[in-house]
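Presented below is the structure to which this report refers.
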Amino acid sequence: MESRKSFGGSLGFVLAAAGSAVGLGNIWRFPYLAAKDGGGIFLLVYFILLLTFGFALLTTEIAIGRKTKQSPLTAYARISKKWRWLGLIACLIPAIIMPYYSAIGGWVVKYFVTFLSGNDINSAKDGFFTTFITAQYEPLVYMFLFLMACTAIILLGVNKGIEASSKIIMPALILLVIIIAAFSLNISHTDANGITRTGMEGLKIYLIPNIDGLTFSTFMTVLVDAMGQLFFSLSVAMGIMVAYGSYVSDKADAVSSVNRIEFFDTLVAFLAGLMIIPAVFTFMGTEGLTASGPGLMFISLPKVFESMGGAGTFVGLLFFIMVLFAAVTSAVSIMEAVVSSFMDYFHISRVKATLAEFFIALVFGTIVCLGYNVLYFEAPLPTGSTGQVLDIMDYLSNNILMPIISIGTCIMIGWFVGPDVVIKEMEKNGEHFSRKYIYIAMIKYIAPVLLLILFLKSSGIISF
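To convert, note that position 409 of the sequence shown is 402 in this note's numbering; the numbers rise steadily by one, no gaps.
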């Protein structure tokens, strides 16, 4: 078995962790939720939860990983043998996510190639996205290319692969987001009705709290939306931070690293909104802000880029380069959570573990792609919507298993082994854990209650 590697420094760990969090969930979900949930109201609730609820979950997972020096599949058993089942779920979640994330990553590659080849005008046509994903072979090719890129990085290992790629991709990604956001704020457009809208007006929608019609019910919706988004914004409840935490040196300042991860993740999530909301509002009005997920990225935004004229090709190309970077860094972290688990549990080499996960992701990723053509069906989900293969896998991992693993982790640490296990790990080099008492209150009392509400809401048991 290979000896466990460590990140070369705190910066490498922070950039890798931030790269994991800065994925498609941040780019296509955060702006939509901010627009839907009253702009500044959502931002305020989100930032408060980030510094309390999200901080507690992030700290716990990193501490578990660093203390045990194990991947998610085996780390929980090292903390408490009675809770070893949490490790199985923590490994199962990224194993479910990786195939459909690879399929979506293939969609991103397709749009990047389309804009790079100058055929971007086609991407704005009605039916372009649907025609592509329902094709039998083309989505498989792009999914394979995306999965191969991620596999290559994982094969290079922690230092030469994950850390080295993060140090290059993350600064480039942040620079691209800033450039596009600055462009979005300085545009204006007059529609067919003679109404002129500007990026700065879109900024007001994003930042200024809208309390019109705010009730307890709508506030609870905002609260649950913000909590759900934090899973994506911090990459918690997926086994990722346990895996990355296991590569953090015992000499590293874990408290400072958590603070910096929070900062980077928040910065990019905020900039994603700054990049998308003003542009969509300018060219499509408030109606355009109702799109989220693939619909926002692959249907609405190409129409926005087309409306920009000649600049749209360049801005669209920058955008899809940025999205591709974000998708790769996230997919690499998801894949590493599974690969490291295979290495620790089966005591096999990185090459064997990576190839095993590659073939698992390839098989199930192929099924996801075929779910839009030869394997197409519609199944009702507890949320009231209908879905295909991808939607079912997404619902199972995000709405069911992620809240369960988080609730279980809070109960294990808060009530069975005790918060001191995490606190001592964070303070092992004499660091000052300034939010110690917030951490104890969150992990024992507040977070489990909030997570139970989230689980009941996301599973369709209760509604507001």
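Every residue gets a Cβ at the ideal spot worked out from N, C-alpha and C, and that includes glycine. Note that the coordinates shown come from a computational prediction; the quantities given were computed from them, not determined experimentally.
{"query": "Just to confirm the assignment: which complete beta strand (DSSP E) runs, minimum length 3, are found wholly within the region 174 to 198?", "result": "181 to 183, 189 to 191"}
{"query": "Would you tell me roughly how many angstroms separate the C-alpha atoms of E329 and I97, rounded to the nearest one?", "result": "18 Å"}
{"query": "Does the beta-carbon distance from A230 to I86 come in below 9 Å?", "result": "yes"}
{"query": "Nearest to P373 by CA position, among I404, Q381, G423, is which residue?", "result": "Q381"}
{"query": "DSSP on G478, reduced to helix/strand/coil?", "result": "Lying before the first or after the last residue shown, residue 478 is absent from the chain, which here runs from -6 to 457."}
{"query": "Are the Cβ atoms of Y93 and G286 separated by less than 9 Å?", "result": "no"}
{"query": "State the Cα-Cα distance for the pair I292 and I34, rounded to the nearest angstrom.", "result": "27 Å"}
{"query": "When burial is assigned at 16 or more other CB atoms within 10 Å of the CB, is Q222 buried or exposed?", "result": "buried"}
{"query": "With S239 and K62 assumed to form a contact (beta carbons below 8 Å), what rounded beta-carbon distance in angstroms separates them?", "result": "5 Å"}
{"query": "Between the Cα of S95 and those of L264, V361, D113, spot the shortest distance and give me the residue it belongs to.", "result": "V361"}
{"query": "Ends of the alpha helix (DSSP H) at P24?", "result": "17 to 29"}
{"query": "Measure the Cβ-Cβ separation of F40 and Y432 and say whether it is below 9 Å.", "result": "no"}
{"query": "For T52, name the three-state secondary structure that DSSP assigns.", "result": "helix"}
{"query": "Let me know if L438 comes out buried or exposed under the rule of 16 or more other beta-carbons within 10 Å of its beta-carbon.", "result": "Correcting the residue identity first, residue 438 is Tyr in this sequence and not Leu. So Y438 ends up on the exposed side."}
{"query": "Would you please state the rounded distance, in angstroms, between the beta carbons of T322 and L148? I believe it to be under 8 Å.", "result": "With a Cβ gap of about 16 Å, T322 and L148 do not count as contacting."}
{"query": "Thinking C-alpha only, which one of V410, F318, G1, F139 is nearest I161?", "result": "F318"}
{"query": "Between which residues of its own chain and A174 is the CB-CB distance below 7 Å, once the five residues before and five after are set aside?", "result": "L264, L267, M268"}
{"query": "What do you reckon, are the CB atoms on G31 and L289 nearer than 9 Å?", "result": "no"}
{"query": "Whose C-beta lies closer than 6 Å to the C-beta of R253 among residues of the same chain, with five residues either side of it excluded?", "result": "V7"}
{"query": "If I measure Cβ to Cβ from T279 and keep anything under 6 Å in the same chain, skipping five residues before and after, which residues do I get?", "result": "none"}
{"query": "Residue range of the alpha helix (DSSP H) that M277 falls in?", "result": "247 to 281"}
{"query": "Can you check the region 331 to 396 for any alpha helix (DSSP H) of at least 4 residues that lies completely inside it and give the ranges in chain order?", "result": "343 to 363, 382 to 387"}
{"query": "Taking only the alpha-carbon atoms, compute the straight-line gap between G407 and V367 and give it to the nearest angstrom.", "result": "48 Å"}
{"query": "Whose CA, out of L389, K429, T376, V442, lies closest to the CA of G401?", "result": "V442"}
{"query": "Out of A304, D258, S250, which one is the CA nearest neighbour of H425?", "result": "S250"}
{"query": "How far does the alpha helix (DSSP H) with K296 in it reach, from first residue to last?", "result": "294 to 300"}
{"query": "Would you identify the three-state DSSP class for P132, choosing helix, strand or coil?", "result": "helix"}
{"query": "Work out the CA separation of F313 and L389 for me, nearest whole Å.", "result": "28 Å"}
{"query": "Take T359 and list the residues in its own chain whose beta-carbon comes closer than 7 Å to its own, dropping the five residues that flank it on each side.", "result": "L133"}
{"query": "Given a threshold of 16 other Cβ atoms within 10 Å of its Cβ, counted over all protein chains shown, does D337 qualify as buried or as exposed?", "result": "buried"}
{"query": "How long is the line joining the alpha carbons of V316 and A117, rounded to whole angstroms?", "result": "17 Å"}
{"query": "Report buried or exposed for S210, applying the criterion of at least 16 other Cβ atoms within 10 angstroms of its Cβ.", "result": "exposed"}
{"query": "Along the alpha helix (DSSP H) that carries E418, what are the first and last residues, could you check?", "result": "413 to 419"}
{"query": "Return the residue from the list K(-2), L43, F105 that minimises the CA-CA distance to D218.", "result": "L43"}
{"query": "For I398 and L79, I'd like the C-alpha separation in whole angstroms.", "result": "6 Å"}
{"query": "Please state the DSSP three-state secondary structure of G423.", "result": "coil"}
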